[in-house]
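Notes follow once the structure below has been shown.
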Amino acid sequence: MKKILQGNIALCEGAIDGGLDAYYAYPITPQNEVSAYFAEVLPKLGKVFLQAESELAAINMVFGTALTGKRAMTTSSSPGISLMQEGISYLCGCELPCVIVNVMRGGPGLGNISGSQQDYFQSTRGGGHGDYYTIVLAPFSVKEIYEFAKESFLLAEKYRNPVLIIFDGYLGQMMEVFDTESDEGKLNVKIDEPIDKSWVLDGTKNRPSRKIHSLLMAEGELEKLNLKLKEKYDKIRRDEVRVKFYNVDDAEICIVAYGMSARVSLEAMNKLRKEGLKVGLIRPITLWPFSYKEIKDVTKKAKKFLVVEMNLGQMIEDVKLAVKGEAQVYFYGRSGGSLVSSKEVIENIKRIL
Amino acid sequence: MTPTKFVKPKSLKQTHHSYCPGCGHGIIHRLVAEVIDELNIREKTIGIAPVGCAVFAYDYWDFDVSEAPHGRPPAVATGIKRVLPDRIVFTYQGDGDLAAIGTAEIIHAANRSENITVIFVNNTVYGMTSGQMAPTTLLGQKTLTTPYGREANRDGYPLKVCELLSVLDGTKFIARGAVTNPKNVIQTKSYIKKAFIKQIENKGFSLVEILSMCPSGLHMTPLEAVKWVEEELTKFFPLGVYKDV
Amino acid sequence: MYEELFIAGSGGQGVLTLGKILVYSAMEEGKFATYYPSYGAEVRGGTANCMVKISDSFIYSPVVEEPTMVTIMNMPSYIKFLKKFIPQKFLFLNTTLIEEKTEIIEFLKSHAKNLEIVRVNATEIANKIGTTLVSNIVMLTTIVKRTNVVKIDSVRNILSKIFSKKTLDINLKAIDYVMANV
Amino acid sequence: MTTTTKKLFVVKIDKEHCKGCELCVVNCPQKILVLTENVNKFGYRYVEVIDETKCIGCGRCYIMCPDYLIEIYEK
Numbered sequence: 001m002k003k004i005l006q007g008n009i010a011l012c013e014g015a016i017d018g019g020l021d022a023y024y025a026y027p028i029t030p031q032n033e034v035s036a037y038f039a040e041v042l043p044k045l046g047k048v049f050l051q052a053e054s055e056l057a058a059i060n061m062v063f064g065t066a067l068t069g070k071r072a073m074t075t076s077s078s079p080g081i082s083l084m085q086e087g088i089s090y091l092c093g094c095e096l097p098c099v100i101v102n103v104m105r106g107g108p109g110l111g112n113i114s115g116s117q118q119d120y121f122q123s124t125r126g127g128g129h130g131d132y133y134t135i136v137l138a139p140f141s142v143k144e145i146y147e148f149a150k151e152s153f154l155l156a157e158k159y160r161n162p163v164l165i166i167f168d169g170y171l172g173q174m175m176e177v178f179d180t181e182s183d184e185g186k187l188n189v190k191i192d193e194p195i196d197k198s199w200v201l202d203g204t205k206n207r208p209s210r211k212i213h214s215l216l217m218a219e220g221e222l223e224k225l226n227l228k229l230k231e232k233y234d235k236i237r238r239d240e241v242r243v244k245f246y247n248v249d250d251a252e253i254c255i256v257a258y259g260m261s262a263r264v265s266l267e268a269m270n271k272l273r274k275e276g277l278k279v280g281l282i283r284p285i286t287l288w289p290f291s292y293k294e295i296k297d298v299t300k301k302a303k304k305f306l307v308v309e310m311n312l313g314q315m316i317e318d319v320k321l322a323v324k325g326e327a328q329v330y331f332y333g334r335s336g337g338s339l340v341s342s343k344e345v346i347e348n349i350k351r352i353l
Numbered sequence: 001m002t003p004t005k006f007v008k009p010k011s012l013k014q015t016h017h018s019y020c021p022g023c024g025h026g027i028i029h030r031l032v033a034e035v036i037d038e039l040n041i042r043e044k045t046i047g048i049a050p051v052g053c054a055v056f057a058y059d060y061w062d063f064d065v066s067e068a069p070h071g072r073p074p075a076v077a078t079g080i081k082r083v084l085p086d087r088i089v090f091t092y093q094g095d096g097d098l099a100a101i102g103t104a105e106i107i108h109a110a111n112r113s114e115n116i117t118v119i120f121v122n123n124t125v126y127g128m129t130s131g132q133m134a135p136t137t138l139l140g141q142k143t144l145t146t147p148y149g150r151e152a153n154r155d156g157y158p159l160k161v162c163e164l165l166s167v168l169d170g171t172k173f174i175a176r177g178a179v180t181n182p183k184n185v186i187q188t189k190s191y192i193k194k195a196f197i198k199q200i201e202n203k204g205f206s207l208v209e210i211l212s213m214c215p216s217g218l219h220m221t222p223l224e225a226v227k228w229v230e231e232e233l234t235k236f237f238p239l240g241v242y243k244d245v
Numbered sequence: 001m002y003e004e005l006f007i008a009g010s011g012g013q014g015v016l017t018l019g020k021i022l023v024y025s026a027m028e029e030g031k032f033a034t035y036y037p038s039y040g041a042e043v044r045g046g047t048a049n050c051m052v053k054i055s056d057s058f059i060y061s062p063v064v065e066e067p068t069m070v071t072i073m074n075m076p077s078y079i080k081f082l083k084k085f086i087p088q089k090f091l092f093l094n095t096t097l098i099e100e101k102t103e104i105i106e107f108l109k110s111h112a113k114n115l116e117i118v119r120v121n122a123t124e125i126a127n128k129i130g131t132t133l134v135s136n137i138v139m140l141t142t143i144v145k146r147t148n149v150v151k152i153d154s155v156r157n158i159l160s161k162i163f164s165k166k167t168l169d170i171n172l173k174a175i176d177y178v179m180a181n182v
Numbered sequence: 001m002t003t004t005t006k007k008l009f010v011v012k013i014d015k016e017h018c019k020g021c022e023l024c025v026v027n028c029p030q031k032i033l034v035l036t037e038n039v040n041k042f043g044y045r046y047v048e049v050i051d052e053t054k055c056i057g058c059g060r061c062y063i064m065c066p067d068y069l070i071e072i073y074e075k
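Protein chains in written order, with the numbering used here: chain W, 1 to 353; chain X, 1 to 245; chain Y, 1 to 182; chain B, 1 to 75.
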């Protein structure tokens with residue numbers, strides 16, 4: 001069936017179909033449609049919607065619901081996500097699953113309300129204090145927003161870790177026609193063992209009491225947790241990298257881009273192919289874990305890479321780490337909420353070639 | 001040998017706590033545990049421990065307890081209560097946690113009339129970080145960060161939480177007790193019990209402020225601290241029921 | 001086919017609705033379509049706009065850069081947008097509220113040789129039909145009639161799905177009037 | 001006439017964990033709790049009962065003990 005939805009609303013529908021139990025958030029543009037939609041729909045489904053007094057409160061309400069083993073989500077945009085970093089660190093330290101969505105806008109500071117990809121560093125390097133990561137998914141279409149939101153809870157529960165879905169305000173605001181029945185955009189999260197819920201706090205009936213905390217003061221205890229988390233992160237790095245290739249087999253130059261930048265780059269690639277230029281595109285879908293190995297493999301043929309972002313150079317650091325000096329890495333980006341155009345990408349490719 | 005009513009409640013673990021000699025937290029922990037046992041709600045209670053001296057409360061109570069970021073217990077409790085409305089959810093917070101860094105969270109949880117219970121321990125000083133000024137520190141009171149005494153024109157006035165929250169429509173039971181002598185302790189326990197009963201009856205937000213002793217933070221002996229709380233603190237923070245609707 | 005539309009006016013004129021009806025209609029016809037609105041504080045300043053793309057194949061960016069068609073519903077938008085969004089095929093103007101400027105017309109013609117300017121008294125016609133609220137539908141019908149970007153029956157279908165009976169009647173009346181008279 | 005026999009109580013104090021705060025001592029109406037000169041393994045002087053037969057089982061020591069180390073049983 002064909003359907004047309006706004007990115008922000010696809011997120012809501014995906015989350016509901018993924019089993020969302022409770023949603024908490026504080027208003028911020030450009031993702032206000034999410035709260036408006038959930039406020040209307042969740043109570044009818046017997047689920048929880050609550051407008052929090054701040055992003056600090058919102059993320060901690062998520063923390064509370066996550067403690068009970070129920071599926072909680074919050075959404076915000078860049079400045080609000082900065083406020084949530086404390087809570088995200090605690091969620092990771094306490095190993096609580098939940099879904100956090102950042103519909104990115106321009107920064108730093110209050111910035112503007114236009115779409116951007118300026119939060120790549122914050123998203124992929126933990127973001128808050130301590131030694132931790134969140135799984136970061138970067139959809140590039142309305143269909144992917146829907147599918148990622150739907151499967152993100154499973155992914156979060158599989159690893160007892162927050163999952164962050166990030167996309168720019170352009171994707172959040174745009175409406176797009178998509179095919180609901182196609183398999184396109186599915187994450188296909190594999191669940192090997194039944195999800196462990198033996199840690200949830202729901203009352204100590206017929207079992208010993210439980211506690212959940214990240215404060216570990218005894219000697220060596222915290223390091224033990226950090227090592228346990230590392231083992232988990234290593235498993236995620238092994239099993240959950242997702243990346244999509246377009247025309248890379250014979251490509252002499254490869255664009256690397258995600259989200260809206262990838263859409264624009266795809267258009268540029270197709271136009272350049274028509275001119276006979278051997279251009280490919282690598283689109284990381286998980287920004288953490290990053291596709292280091294997969295990108296390295298491409299350097300066997302392509303010796304030039306152009307990283308395209310809606311910031312002034314963040315993912316490029318990961319691409320450089322990935323190619324390990326085997327290829328030259330160039331950059332093109334627009335910042336401050338400006339969208340890159342396919343024309344600009346084409347100019348840059350021609351300049352490099 | 002038969003136990004009287006003066007034996008350790010089931011809701012306390014066998015572990016010994018690490019509070020300083022004469023610290024009021026231990027008494028308050030026990031009161032909460034007694035009330036939970038007496039109301040027979042241990043199996044459905046979920047507590048939230050604060051950041052502060054009571055951060056380890058989850059090691060002392062024998063029911064489900066979680067930590068929370070500093071000041072955020074009311075938000076965490078909200079997240080639990082909203083998805084598990086038939087459980088009994090309470091937060092245990094100190095004066096820094098509730099009345100400084102967590103002011104927004106407590107006011108809004110109260111104003112939404114979240115059906116939770118808040119145990120608010122006011123000892124006028126930041127014990128865990130070695131005795132700095134708290135929002136409830138009295139004027140003239142010397143602390144690590146008010147070495148010449150708290151001054152209104154620099155530090156503002158002691159924050160009256162019960163009085164402040166009582167004016168909100170969302171609050172259903174607000175009382176202030178103390179743990180300085182057996183009479184006060186028994187009175188405080190009756191407030192705590194009433195607060196939990198409000199929650200059980202789905203009446204909405206309840207809070208009990210408890211004036212407590214922090215001998216280390218106040219640089220007093222336990223007995224001096226008791227005397228000071230009784231004679232000085234209760235003058236500024238009068239005991240009693242502020243709201244019961 | 002591949003069309004990029006830029007539609008601007010004031011918030012109350014229903015320009016966002018106009019754009020949405022276009023993409024819904026395109027979907028009805030099995031086409032790819034995207035819609036991108038102005039939002040937030042941007043729309044408080046008196047102008048609202050949206051961008052619509054309709055195509056037979058996947059649409060990359062929803063943001064319009066080189067529009068094939070531009071629709072302007074009021075004077076502030078006429079002044080604000082035409083320098084940046086130069087239509088290559090059609091320019092639709094709501095002449096009830098727009099006082100044309102020769103320098104703008106000349107600027108447009110120098111940048112788009114085959115531009116056709118379609119002038120519609122949209123607000124006045126809407127008023128004649130019964131309410132200025134349907135000026136967006138008067139404009140939409142004009143666009144569809146003149147360009148066939150979507151079929152008018154698809155528009156009728158969509159309207160019957162999204163509007164209540166009473167609102168639907170007056171909107172259908174607007175469509176019929178424009179199809180017969182404009 | 002019935003003869004009332006005086007109830008006898010056992011005051012159990014966990015001396016090993018007592019911190020010697022004396023909140024029980026000052027609140028005992030029978031004055032039968034005292035701080036000893038001895039110290040426990042933590043280095044605190046601890047509380048002892050000097051004449052258990054005088055205990056009236058009022059529980060004030062239990063109520064005030066911040067470390068919940070005192071329990072009262074009936075003989």
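All residues carry an ideal CB built from backbone N, CA and C; glycine is no exception.
TODO: Taking cysteine 61 (chain B) as part of the alpha helix (DSSP H), name the residues at either end of that continuous run.
DONE: From DSSP, the alpha helix (DSSP H) with cysteine 61 (chain B) extends over 60-64.
Task: Helix, strand or coil at asparagine 102 (chain W) according to DSSP, with G and I counted as helix - done: Here DSSP, grouped into helix, strand and coil, assigns asparagine 102 (chain W) to strand.
Open item on the list: In the DSSP output, what is glycine 69 (chain W) paired with across the bridge?
Closed with: Glycine 69 (chain W) pairs with nothing; no bridge assigned.
- [ ] Confirm, please, whether the CB-CB distance from methionine 175 (chain W) to valine 52 (chain Y) is below 7 Å.
- [x] Taking 7 Å as the Cβ cut-off, valine 52 (chain Y) and methionine 175 (chain W) do not qualify as a contacting pair.
Task: Supposed contact pair isoleucine 295 (chain W) and isoleucine 282 (chain W) - C-beta distance, whole angstroms, cut 8 Å - done: Contact between isoleucine 282 (chain W) and isoleucine 295 (chain W) holds: CB atoms are separated by about 6 Å, below the 8 Å threshold.
Task: Residues of its chain near glutamate 147 (chain W), where Cβ-Cβ distance is below 7 Å and the 5 sequence neighbours each way are ignored - done: Correct list, in chain order: Gly14, Gly185, Lys186, Leu187.
- [ ] Sort out for me which residues DSSP pairs arginine 45 (chain B) with in a bridge.
- [x] For arginine 45 (chain B), which the question treats as bridged, DSSP gives the partners B:Val39.
- [ ] Have a look at arginine 160 (chain W) and aspartate 183 (chain W) and give me their C-alpha separation to the nearest angstrom.
- [x] Arginine 160 (chain W) and aspartate 183 (chain W): Cα-Cα distance of roughly 26 Å.
- [ ] Provide the residue span of the beta strand (DSSP E) that contains glycine 240 (chain X), from first to last.
- [x] That run of the beta strand (DSSP E) goes 240-244.
- [ ] To the nearest angstrom, report how far apart histidine 213 (chain W) and glycine 93 (chain W) are at their CA atoms.
- [x] Straight across, the Cα-Cα distance linking histidine 213 (chain W) with glycine 93 (chain W) is about 8 Å.
Open item on the list: Taking the beta carbon of serine 152 (chain W) as the centre, do at least 16 other beta carbons fall within 10 Å, making it buried, or is it exposed?
Closed with: Label assigned to serine 152 (chain W): buried.
Open item on the list: Less than 7 Å between the C-beta atoms of threonine 137 (chain X) and threonine 117 (chain X), yes or no?
Closed with: The answer is no: Cβ separation not under 7 Å.
- [ ] Would you give the residue range spanned by the alpha helix (DSSP H) that glycine 79 (chain X) belongs to?
- [x] According to the DSSP assignment, glycine 79 (chain X) belongs to the alpha helix (DSSP H) that extends over 73-83.
Open item on the list: Can you list, in chain order, the residues of its chain with a C-beta nearer than 8 Å to that of lysine 183 (chain Y)? Leave out the 5 residues immediately preceding and following it.
Closed with: Any property of residue 183 (chain Y) remains undetermined from this structure, which presents chain Y solely from 1 to 182.
TODO: Locate the alpha helix (DSSP H) running through arginine 238 (chain W), then write down its first and last residues.
DONE: Segment 221-239, the alpha helix (DSSP H) holding arginine 238 (chain W).
Task: Through-space distance from glutamine 122 (chain W) to lysine 190 (chain W), alpha-carbon basis - done: Distance between lysine 190 (chain W) and glutamine 122 (chain W), taken at the CA atoms: about 27 Å.
- [ ] Measure from the alpha carbon of lysine 41 (chain B) to the alpha carbon of each residue in B:Lys31, B:Asp14, B:Pro29, B:Val49, then state which is nearest.
- [x] Just measuring C-alpha positions, the residue of B:Lys31, B:Asp14, B:Pro29, B:Val49 sitting nearest lysine 41 (chain B) is B:Asp14.
Open item on the list: Is it buried or exposed, glutamine 14 (chain X), if we count other Cβ atoms within 10 angstroms and call 16 or more buried?
Closed with: Counting Cβ neighbours within 10 Å, glutamine 14 (chain X) comes out exposed, since fewer than 16 surround it.
Open item on the list: Tell me which residues of the segment 4-17 of chain Y have at least one Cβ-Cβ distance to chain W shorter than 8 Å, keeping chain order.
Closed with: For the segment 4-17 of chain Y, the beta-carbon criterion of a distance under 8 Å to any beta-carbon of chain W is satisfied by none of its residues.
Task: Proximity of glycine 128 (chain W) and glutamine 85 (chain W) at Cβ, strictly below 7 Å - done: In this structure, glutamine 85 (chain W) lies closer than 7 Å to glycine 128 (chain W) by Cβ.
Open item on the list: Between asparagine 49 (chain Y) and phenylalanine 6 (chain Y), how many whole angstroms is the CB-CB distance? I'm expecting something under 8 Å.
Closed with: That pair is a contact at about 7 Å.
Task: chain X within 7 Å of asparagine 60 (chain W), Cβ atoms only - done: Yes, its Cβ sits closer than 7 Å to a Cβ of chain X.
- [ ] Would you tell me roughly how many angstroms separate the C-alpha atoms of threonine 146 (chain X) and glycine 140 (chain X), rounded to the nearest one?
- [x] Distance between the alpha carbons of threonine 146 (chain X) and glycine 140 (chain X): 8 Å.
- [ ] Kindly identify the DSSP beta-bridge partner or partners of alanine 33 (chain Y).
- [x] Under DSSP, alanine 33 (chain Y) shares a beta bridge with Y:Ile54.
- [ ] Identify, in the order they occur along the chain, each residue of the same chain with its Cβ nearer than 8 Å to the Cβ of phenylalanine 163 (chain Y), setting aside the five sequence neighbours on each side.
- [x] Excluding positions up to five away in sequence, the list reads Asn171.
- [ ] State yes or no: is the C-beta of glutamine 31 (chain W) within less than 7 Å of the C-beta of valine 99 (chain W)?
- [x] Not closer than 7 Å, so no.
Open item on the list: On the DSSP letters alone, give me the boundaries of the beta strand (DSSP E) that cysteine 21 (chain B) sits inside.
Closed with: No beta strand (DSSP E) contains cysteine 21 (chain B), which DSSP labels as neither H nor E.
Open item on the list: Output needed for lysine 54 (chain X): all residues of its chain with C-beta closer than 6 Å, excluding positions within five of it in sequence on either side, in chain order.
Closed with: Checking the displayed sequence, the identity of residue 54 (chain X) turns out to be alanine instead of lysine. Spatial neighbours of alanine 54 (chain X) in its own chain (CB-CB distance under 6 Å, excluding positions within 5 residues in sequence) are listed in chain order as His25, Tyr92.
Open item on the list: glycine 52 (chain X) and proline 215 (chain X) - do their beta-carbons sit closer together than 7 Å?
Closed with: Between proline 215 (chain X) and glycine 52 (chain X), the C-beta spacing is not below 7 Å.
Task: Nearest neighbour of phenylalanine 120 (chain X), chosen from X:Asp97, X:Asn111, X:Tyr126 [CA to CA] - done: For the residues X:Asp97, X:Asn111, X:Tyr126, the minimum Cα distance to phenylalanine 120 (chain X) belongs to X:Asp97.
Task: Cα-Cα separation, serine 130 (chain X) to alanine 100 (chain X) - done: Serine 130 (chain X) and alanine 100 (chain X): Cα-Cα distance of roughly 17 Å.
TODO: Please check if any C-beta of chain Y sits within less than 7 Å of the C-beta of methionine 269 (chain W).
DONE: It does not: the Cβ of methionine 269 (chain W) has no partner Cβ on chain Y nearer than 7 Å.
TODO: Measuring alpha carbon to alpha carbon, tell me which of Y:Tyr78, Y:Ile86, Y:Ser77 ends up nearest glutamate 65 (chain Y).
DONE: When each option's Cα is compared against that of glutamate 65 (chain Y), the closest is Y:Ile86.
- [ ] Name the two residues that bound the continuous alpha helix (DSSP H) containing glutamate 347 (chain W).
- [x] First-last of the alpha helix (DSSP H) with glutamate 347 (chain W): 342-352.
- [ ] Determine whether the Cβ of alanine 122 (chain Y) lies closer than 7 Å to any Cβ atom of chain W.
- [x] So, not an interface residue.
Task: Residues of the segment 181-203 of chain X with Cβ closer than 7 Å to any Cβ of chain W, in chain order - done: Within the segment 181-203 of chain X, no residue qualifies.
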